[in-house]
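The next block holds one structure in the form of structure tokens; read it before the comments.
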Amino acid sequence: MRICRLQAWSTITPSTVSATGSASRWPATAEAAVDSEQQQVSSTSRRVWQLAWPTILSNLLFTTVGFTHIKIVSGLGNSAVAAVTSGHRIFFLVQAVLMGVSIATTAMVARNWGARKLAEAELVAWTSLAIGLAVAILLSMPVIFAPLAVASVFGLDAETTQQIASFIFWLGVFNIFTAINMLLSTALRATGDVITPLLFLTASSLFNVTFAYCLAHGIGFLPALGVPGVAFGGSLAGAIVTSVFAAVWWRGKFNIKAVKQWRIDLASARQLISIGAPSVLEQGFIQIAFLAFFAIVARYGTAPYAAYGIGISIVAFSIVVGFGFGIAAATLVGQQLGAGNPEQAKQAGWRGLRMALAAMSLFSVLLAVFARDLAGFMIEDEATINLTVTFIYIIAVAQPVMAVDITLSGALRGAGDTRFPLLATVCGIVFGRLLPALACLALGLPIEAVFTVMLLDYLIKSSMLLVRYRSGKWLGLRSAGGGT
Numbered sequence: 001m002r003i004c005r006l007q008a009w010s011t012i013t014p015s016t017v018s019a020t021g022s023a024s025r026w027p028a029t030a031e032a033a034v035d036s037e038q039q040q041v042s043s044t045s046r047r048v049w050q051l052a053w054p055t056i057l058s059n060l061l062f063t064t065v066g067f068t069h070i071k072i073v074s075g076l077g078n079s080a081v082a083a084v085t086s087g088h089r090i091f092f093l094v095q096a097v098l099m100g101v102s103i104a105t106t107a108m109v110a111r112n113w114g115a116r117k118l119a120e121a122e123l124v125a126w127t128s129l130a131i132g133l134a135v136a137i138l139l140s141m142p143v144i145f146a147p148l149a150v151a152s153v154f155g156l157d158a159e160t161t162q163q164i165a166s167f168i169f170w171l172g173v174f175n176i177f178t179a180i181n182m183l184l185s186t187a188l189r190a191t192g193d194v195i196t197p198l199l200f201l202t203a204s205s206l207f208n209v210t211f212a213y214c215l216a217h218g219i220g221f222l223p224a225l226g227v228p229g230v231a232f233g234g235s236l237a238g239a240i241v242t243s244v245f246a247a248v249w250w251r252g253k254f255n256i257k258a259v260k261q262w263r264i265d266l267a268s269a270r271q272l273i274s275i276g277a278p279s280v281l282e283q284g285f286i287q288i289a290f291l292a293f294f295a296i297v298a299r300y301g302t303a304p305y306a307a308y309g310i311g312i313s314i315v316a317f318s319i320v321v322g323f324g325f326g327i328a329a330a331t332l333v334g335q336q337l338g339a340g341n342p343e344q345a346k347q348a349g350w351r352g353l354r355m356a357l358a359a360m361s362l363f364s365v366l367l368a369v370f371a372r373d374l375a376g377f378m379i380e381d382e383a384t385i386n387l388t389v390t391f392i393y394i395i396a397v398a399q400p401v402m403a404v405d406i407t408l409s410g411a412l413r414g415a416g417d418t419r420f421p422l423l424a425t426v427c428g429i430v431f432g433r434l435l436p437a438l439a440c441l442a443l444g445l446p447i448e449a450v451f452t453v454m455l456l457d458y459l460i461k462s463s464m465l466l467v468r469y470r471s472g473k474w475l476g477l478r479s480a481g482g483g484t
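Going by the UniProt record's numbering, 351 is the number at position 351 of the sequence shown; the sequence numbering is gapless.
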């Protein structure tokens, strides 16, 4: 028997499909029309939330792991904190291509699932996994065979650079398990099963932080490995849980079954590449730009650099809430387009945005109120704490604008429109972040000015995405595997 959790409400049903078809019963009065519209809005909100909350919890768990990694090594000094922060950032770049494949998988699986094309959805998931494994192996090579050269891009001191190298080496060794987990979870979420990925991620997160702590500090008979112990222990835990996850999928227990053919479907591969290529470029550009921004911050010294890394790990708790609504919007938009309901697809995106705005605005207030407590919990150095608090205040102000960016870009990608988010990202990062940050550095402005330019980045991106989404031009795309 397949595991089909949440299917009753999270996938397209005959009643939702008939909403635009000849079988629909049109309200006989104006009052009935209003009631019908309100019920539809309520139904959409309910589906967005039912898809979003497990994804939000999953993202919060993932963020908590990164947060805990930094806390585990915080007692070892700013160099250790900088090493873990930099290691995570480098690995995000390695994963950029996988993120692109994941985005394409969401669009294609969701649309085929909404169109009741189960075999096609399974073939897409199988093909994306094969592509993802190949990509993971290829991209792991630099951090496995030349970790020191990769770690040197930040221009930090020799001790920190060596710790970064040892950290990313172990992440690279276990990268194939990261790819399997990411793409299987993506395929299941695209069908509406958001609980299964959450359960496995919960187990993985618990084992991850336990193994990481034990190997970092040498609990019992285990050696105290410090920074590399965090990477090795956490990655080993993830590999164990992912192996169980893949084994259950292979036995056919989920919505999406394994195709079990030792070849990939070329048509699905071409579509995945067509949809995913702009997202790969976008994610790659984002991570390279973030590395460049990190390098600019590093010019101000270790304390500002550590503050930036700690600040990111703290505000990520709010940002991932937005990502949950973005993924929910992407799933519903793809499913509704696959079912032939473009207007409902558009409304799903708007509803996801409203809910993300409310949630992230609330989080922004909480972040601002507890900024100093959170910073003090992470590190004891007073200068680093003060800079971290400043960073948190700045990002707290940006939260509502970031909600627009995250949610609408997710909705557009769910429709297969991956090129426009790429354009918005390039414009925002180049003209709103990197060039102003370089100007601050050249003019000798303080690090607080560099932190502040991030507001312009998010403002440019969200404005462009808002105009694009309102235009509705993305509704006619045919690139997500069927439908329109």
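Every residue gets a Cβ at the ideal spot worked out from N, C-alpha and C, and that includes glycine.
So residue i and residue j are supposed to be a Cβ contact under 8 Å. How far apart are they, rounded?
i      : j      : result
Val65  : Ile379 : 18 Å between Cβ atoms; not a contact.
Thr44  : Ala348 : 6 Å
Thr186 : Thr105 : 5 Å
Ile90  : Val150 : 6 Å
Ala329 : Gly414 : 6 Å
Gly87  : Phe167 : 4 Å
Ile103 : Ser318 : Actually they are not in contact, since the Cβ atoms of Ile103 and Ser318 sit about 22 Å apart, beyond 8 Å.
Ile460 : Gly428 : 4 Å
Leu139 : Val94  : 5 Å
Asn78  : Thr302 : 5 Å
Considering only C-alpha positions, which residue in the set the options is nearest to residue i?
i      : options                        : result
Phe245 : Pro197, Ser268, Phe211         : Pro197
Gly291 : Phe200, Phe67, Gly309, Arg46   : It is worth fixing the name first, because residue 291 is Leu in this sequence and not Gly. When only C-alpha atoms are compared, the closest one is Gly309.
Gly252 : Pro223, Gly238, Leu184         : Leu184
Trp126 : Ile447, Phe294, Leu188, Gly338 : Leu188
Phe316 : Arg47, Ile395, Trp53           : It should be pointed out that residue 316 corresponds to Ala in this sequence rather than to Phe. It is Ile395 whose Cα lies nearest to the Cα of Ala316.
Gln287 : Met99, Gln335, Ala307, Gly416  : Met99
Thr452 : Val426, Val297, Leu412         : Val297
Phe391 : Gln271, Arg372, Ala345, Phe377 : Arg372
Arg47  : Phe154, Asn181, Asp193, Ile131 : Asp193
Ile176 : Leu443, Pro147, Ala239         : Ala239
Val404 : Ala358, Leu367, Val430         : Ala358
Met352 : Phe377, Gly334, Ala411, Pro421 : Looking at the sequence provided, one finds Gly at residue 352 rather than Met. Checked all of Phe377, Gly334, Ala411, Pro421; the closest Cα to Gly352 is Ala411.
Ala203 : His217, Tyr458, Phe221, Gly234 : Gly234
Leu332 : Ser205, Gly416, Ser152         : Gly416
Phe174 : Ser462, Met141, Glu343, Trp350 : Met141
Ile195 : Phe221, Ser361, Phe254         : Phe254
Taking the beta carbon of residue i as the centre, do at least 16 other beta carbons fall within 10 Å, making it buried, or is it exposed?
i           : result
Pro27       : Bear in mind that the predicted position of Pro27 carries a pLDDT of just 44, short of 50, making it too unreliable to give a figure here.
Met464      : buried
Lys473      : exposed
residue 485 : What the structure shows of the chain is the stretch from 1 to 484, and residue 485 is not part of that stretch, so it cannot be assessed.
Ala439      : exposed
Val365      : exposed
Tyr469      : buried
Val209      : buried
Trp250      : exposed
Trp113      : buried
Met402      : buried
Gly229      : buried
Met454      : buried
Trp262      : exposed
Gly311      : buried
Glu159      : exposed
Val369      : exposed
Arg111      : buried
Gly444      : exposed
Ser471      : exposed
Glu343      : exposed
Considering only their Cβ atoms, is the gap separating residue j from residue i smaller than 8 Å?
i      : j      : result
Leu225 : Leu215 : yes
Met355 : Phe325 : yes
Val109 : Thr178 : no
Gly338 : Ala115 : yes
Pro304 : Leu423 : no
Phe293 : Arg433 : yes
Val320 : Thr63  : yes
Ala295 : Phe200 : no
Ile264 : Ala130 : yes
Pro436 : Leu408 : no
Leu266 : Ser128 : no
Leu466 : Ala345 : no
Asp161 : Glu282 : One detail in the question is off: residue 161 reads as Thr in this sequence, not Asp. Result no, Cβ atoms of Thr161 and Glu282 do not sit closer than 8 Å.
Leu374 : Ile314 : yes
Ala165 : Gly284 : no
Shorter than 7 Å, the distance from the beta carbon of residue i to the closest heavy atom of the ligand NAP, or not?
i      : result
Leu171 : Judged by which ligands are present, the structure shown has none, so any question about the ligand NAP falls away.
Would residue i count as contacting chain B if we go by Cβ distances under 8 Å?
i      : result
Pro223 : Of the protein chains in the structure, only one exists, and it is not chain B.
Query raised in the report: What are the start and end residues of each continuous alpha helix (DSSP H) run of 4 or more residues lying completely inside the stretch 309–372, in chain order?
Result: 342–369
Requested in this report: Return the chain-ordered ranges of every alpha helix (DSSP H) run that is complete within the stretch 207–264 and spans a minimum of 4 residues.
Outcome: 227–250
Report task. Could you name each continuous alpha helix (DSSP H) segment of 4 residues or more that falls completely within the stretch 401–462, going from the start of the chain to the end? Result -> 419–429, 435–442, 447–452
**Report entry** Segments of 4+ residues assigned as alpha helix (DSSP H) that fall wholly inside the stretch 43–106
**Finding:** Listed in chain order, the alpha helix (DSSP H) runs fully inside the stretch 43–106 are 78–94, counting runs of at least 4 residues.
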